[in-house]
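Asks:
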Amino acid sequence: MIDLIVEKMREGDWGAVLRLLHARTQTQTAAPAGVSYDLPPFYREFEDTYRQLYWYYGLCNSWGWGGALPPVALLLNRSRRRTHVAGYAKPAATAVNGHVYCAISITLNICACGNTGSLMTLLLHEMTHIWQFANGRRGGHGRDFKNEMLRLGVDEAGLRVRCGSPADHIAREAESRYPRLAARLRACMVSPHKSSRNMDYAFFRMLLESRR
Ligand SMILES: [Zn+2]
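Sequence positions in the sequence shown follow this note's numbering and run 396 to 607.
Structure follows, in structure tokens:
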């Protein structure tokens, strides 16, 4: 079954992947603790990390926007190529059961080098783009963007966070809950296992399905 799911993932047949994952959960009886479905090796190794990132997104969403932002797919860019792009937000990146979702890509080569704080700065930056998309705004780094970052308490230029701001609360809560997240992201960089954008999307779909 695992092989079949991985094969379908490679082919990009997401409908089949979902049906197979669903069939797995239906036929699952006594799975060992913590193992209830099969994932490709990289996703098994870093399932905790992906889940923590989605938790982090939820944390930023609730402190920053009162939970008003829609779910988005989180993509890990593990390329070691030198780049200045720490991440990007993509509107209408994927569709699940007729609903369209945006995506945020995180460049680990940049974000995993710092602490969880630099990851937060990136997430809040890209989530502000998600906020623009969700509200029919144009995107970009114009006045609405700058005001939003100011409201959140992020000073990107100085990589500083205003005391008592939403960003300040997020940073504290994330640091106390998952202090090892940045280290896990660095571990993602050196894993021998393969990951891909399509498998990242499949993981997102699986999370959405399992929340039902
Ligand atoms: Zn931007």
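Don't be surprised by glycine CBs; every beta carbon is placed ideally from N, CA and C.
Which parts of the region 429-504 are runs of the alpha helix (DSSP H), unbroken and 4 residues or longer, counting only runs that do not cross its ends?
Replies: Counting whole runs of 4 or more residues, the region 429-504 contains the alpha helix (DSSP H) stretches 436-440, 442-460.
Asks: Along the chain, where does the alpha helix (DSSP H) that runs through Y596 open and close?
Replies: Segment 592-606, the alpha helix (DSSP H) holding Y596.
Asks: Using DSSP with H/G/I as helix, E/B as strand and the rest coil, what is D539?
Replies: Three-state DSSP puts D539 in a helix.
Asks: Secondary structure at P408, three-state DSSP: helix, strand or coil?
Replies: Reading the sequence as shown, one finds Asp at residue 408 and not Pro. Three-state result, D408: coil.
Asks: How would you write the range of the alpha helix (DSSP H) that E570 sits in, first residue to last?
Replies: Taken as a continuous stretch (DSSP letters only), the alpha helix (DSSP H) holding E570 covers 561-572.
Asks: Given A481, which residues of its chain have a CB within under 7 Å of its CB, disregarding the five upstream and five downstream residues?
Replies: Only T502, I505, C506, L517 meet the Cβ criterion.
Asks: Given 8 Å as the limit, is there contact between the region 572-582 and the region 446-457, that is, 3 or more CB pairs closer than that?
Replies: Judged by Cβ distances under 8 Å, the region 572-582 makes contact with the region 446-457, as three or more pairs qualify.
Asks: Could you name the residues, in chain order, whose CB is less than 6 Å away from a heavy atom belonging to ligand 1?
Replies: So the residues near ligand 1 by this Cβ test are H520, H524, H536.
Asks: Which same chain residues, not among the five before or five after I400, have their C-beta less than 7 Å away from its C-beta?
Replies: Result list for I400: V412, L415, L416, D433, in chain order.
Asks: Going by Cα to Cα distance, which pick from P466, R477, A552, S590 is closest to A488?
Replies: It is P466.
Asks: Which residue marks the beginning of the alpha helix (DSSP H) containing L576, and which one marks its end?
Replies: 576-585 is the extent of the alpha helix (DSSP H) around L576.
Asks: Compute the beta-carbon to beta-carbon distance between A569 and L464, rounded to the nearest angstrom, for a pair I have assumed lies under 8 Å.
Replies: Actually they are not in contact, since the Cβ atoms of A569 and L464 sit about 17 Å apart, beyond 8 Å.
Asks: Which value, in whole angstroms, describes the spacing of the CA atoms of T478 and E551?
Replies: C-alpha separation (whole angstroms): 18 Å.
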